[in-house]
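To start, the structure itself, in structure tokens.
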Amino acid sequence: AQSVAQPEDQVNVAEGNPLTVKCTYSVSGNPYLFWYVQYPNRGLQFLLKYITGDNLVKGSYGFEAEFNKSQTSFHLKKPSALVSDSALYFCAPAGFQKLVFGTGTRLLVSP
Amino acid sequence: KAGVTQTPRYLIKTRGQQVTLSCSPISGHRSVSWYQQTPGQGLQFLFEYFSETQRNKGNFPGRFSGRQFSNSRSEMNVSTLELGDSALYLCASRLARTGWTDTQYFGPGTRLTVL
Numbered sequence: 003a004q005s006v007a008q009p010e011d012q013v014n015v016a017e018g019n020p021l022t023v024k025c026t027y028s029v030s031g032n033p034y035l036f037w038y039v040q041y042p043n044r045g046l047q048f049l050l051k052y053i054t055g056d057n058l059v060k061g062s063y064g065f066e067a068e069f070n071k072s073q074t075s076f077h078l079k080k081p082s083a084l085v086s087d088s089a090l091y092f093c094a095p096a097g098f099q100k101l102v103f104g105t106g107t108r109l110l111v112s113p
Numbered sequence: 130k131a132g133v134t135q136t137p138r139y140l141i142k143t144r145g146q147q148v149t150l151s152c153s154p155i156s157g158h159r160s161v162s163w164y165q166q167t168p169g170q171g172l173q174f175l176f177e178y179f180s181e182t183q184r185n186k187g188n189f190p191g192r193f194s195g196r197q198f199s200n201s202r203s204e205m206n207v208s209t210l211e212l213g214d215s216a217l218y219l220c221a222s223r224l225a226r227t228g229w230t231d232t233q234y235f236g237p238g239t240r241l242t243v244l
């Protein structure tokens, strides 16, 4: 069965600093991995996905994620955080006929 | 292209009532999935519809049901509402050409409050 773990409930970072939001997964077969972001009282917005190919995936708003098969990780990164990046981030591997969402990591970027 | 739309955006009901939520997918998308989001349980999968057929179902009681129409629009129904049904209900659509390489796009959600 597919599963996902986001070990940090909250990540705090100062504006301008690099950020990392961690995600580890367990899937059978080829992993299809997604990151979504949710702003208050909004739905989920797609950031990026890994299907195959280059292990470094670039997405929206300057975010990128690194797929590491040996560590079964798919960490979300951004070189320079913005206050407007403060939101709830979800990692989601594709399971059998559905996305399996992590518990989410709240990112707080301070000015 | 218009995104996924959900109506209504907010809903207040009392225990025992029933409710119907509506979702219009992105044009051309054939798969519609529903999720329940609560602070305690996070995002939980309810069910997925594809070509008017339920393809997959999460672990929810039979009070939760859905359907999909020939134009891919979908409705979700919750009967005999309980306080614990208060949540943000999210609809998502995707092309569903093959497997899960397609991206799932979410609507803004319907906030259901049960009093």
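Order-wise, the sequence lines are chains R and Y. End of the first sequence = 113 in the working numbering, gap-free, step of one. End of the second sequence = 244 in the working numbering, gap-free, step of one. Every residue, glycine too, gets a C-beta built ideally from N, C-alpha and C.
Simplified DSSP state of residue i, which is helix, strand or coil
i      : result
L224/Y : coil
L212/Y : helix
G64/R  : helix
V85/R  : helix
T54/R  : coil
F198/Y : coil
G238/Y : coil
S112/R : strand
N206/Y : strand
N185/Y : strand
P168/Y : coil
Q135/Y : strand
A3/R   : coil
L21/R  : strand
K100/R : strand
E10/R  : coil
Pick from the options that is closest to residue i, judged by C-alpha positions
i      : options                        : result
Q73/R  : G64/R, Y27/R, D11/R, A96/R     : Y27/R
K247/Y : T209/Y, S156/Y, S208/Y         : Residue 247/Y is absent from the structure shown; chain Y starts at 130 and stops at 244.
H77/R  : A89/R, R108/R, W37/R, N43/R    : W37/R
K51/R  : L224/Y, T232/Y, R240/Y, L217/Y : T232/Y
V114/R : N14/R, D11/R, P33/R, V13/R     : Lying before the first or after the last residue shown, residue 114/R is absent from chain R, which here runs from 3 to 113.
T143/Y : L210/Y, F235/Y, F176/Y, S162/Y : L210/Y
G97/R  : Q183/Y, L224/Y, A221/Y, T230/Y : T230/Y
V111/R : K79/R, R44/R, G18/R            : G18/R
Y25/R  : G104/R, L109/R, R108/R         : Note that residue 25/R is Cys in the sequence shown, not Tyr. Considering only alpha carbons, the answer is G104/R.
G169/Y : A216/Y, Y234/Y, P237/Y         : A216/Y
S194/Y : N200/Y, L212/Y, Y218/Y, L172/Y : Y218/Y
N188/Y : N200/Y, R202/Y, Y164/Y         : Y164/Y
E54/R  : Y41/R, N70/R, R108/R, S86/R    : In the sequence on display, residue 54/R carries Thr and not Glu. For the residues Y41/R, N70/R, R108/R, S86/R, the minimum Cα distance to T54/R belongs to N70/R.
E181/Y : H158/Y, R192/Y, G236/Y         : H158/Y
D11/R  : A3/R, T22/R, S5/R, L84/R       : T22/R
G31/R  : G132/Y, G228/Y, E204/Y         : G228/Y
Q166/Y : L109/R, P113/R, Q99/R, F92/R   : F92/R
A89/R  : V6/R, K60/R, Q99/R, Y41/R      : Y41/R
L58/R  : L109/R, S75/R, S5/R, L46/R     : S75/R
K186/Y : S153/Y, Q135/Y, V133/Y, M205/Y : M205/Y
V161/Y : Y234/Y, R240/Y, G171/Y, L172/Y : Y234/Y
R184/Y : T134/Y, G213/Y, L175/Y, L212/Y : L175/Y
Buried or exposed (CB count within 10 angstroms, at least 16 for buried), residue i
i      : result
F65/R  : buried
A16/R  : exposed
R197/Y : The sequence given here has Gln at residue 197/Y, not Arg. Buried: at least 16 other Cβ atoms inside 10 Å.
R223/Y : buried
P137/Y : exposed
V207/Y : buried
V85/R  : exposed
K80/R  : buried
T242/Y : exposed
S203/Y : buried
Checklist entry - According to a CB-to-CB cut-off of less than 9 Å, which residues of the stretch 225-244 of chain Y neighbour chain R? => result Listed in chain order, the positions of the stretch 225-244 of chain Y with a beta carbon within less than 9 Å of a beta carbon of chain R are G228, W229, T230, T232, Q233, Y234, F235, G236, P237, G238, R240.
Item to check | Selection of the stretch 15-35 of chain R by Cβ proximity to chain Y, strictly under 7 Å | outcome: Contacts with chain Y (Cβ-Cβ distance below 7 Å) from the stretch 15-35 of chain R involve Y34, listed in chain order.
Checklist entry - If contact means a Cβ-Cβ distance below 7 Å, which residues of the stretch 171-191 of chain Y contact chain R? => result Of all residues in the stretch 171-191 of chain Y, G171, L172, F174, E177, R184, N185 have a Cβ within less than 7 Å of some Cβ in chain R.
Item to check | Interfacial residues, the stretch 56-77 of chain R to chain Y, with Cβ spacing under 7 Å | outcome: Across the stretch 56-77 of chain R, no CB contact with chain Y closer than 7 Å is found for any residue.
Checklist entry - Got a sec: which bits of the stretch 144-164 of chain Y sit with their beta carbon under 9 Å from any beta carbon on chain R, in order along the chain? => result Taking 9 Å as the Cβ-Cβ cut-off against chain R, the residues of the stretch 144-164 of chain Y that qualify are S162, Y164.
Checklist entry - Which ranges does the beta strand (DSSP E) cover as unbroken runs of at least 3 residues, wholly within the stretch 23-55 of chain R, from first to last along the chain? => result Contiguous beta strand (DSSP E) elements confined to the stretch 23-55 of chain R occur at 26-28, 35-40, 46-52, taking only those with 3 or more residues.
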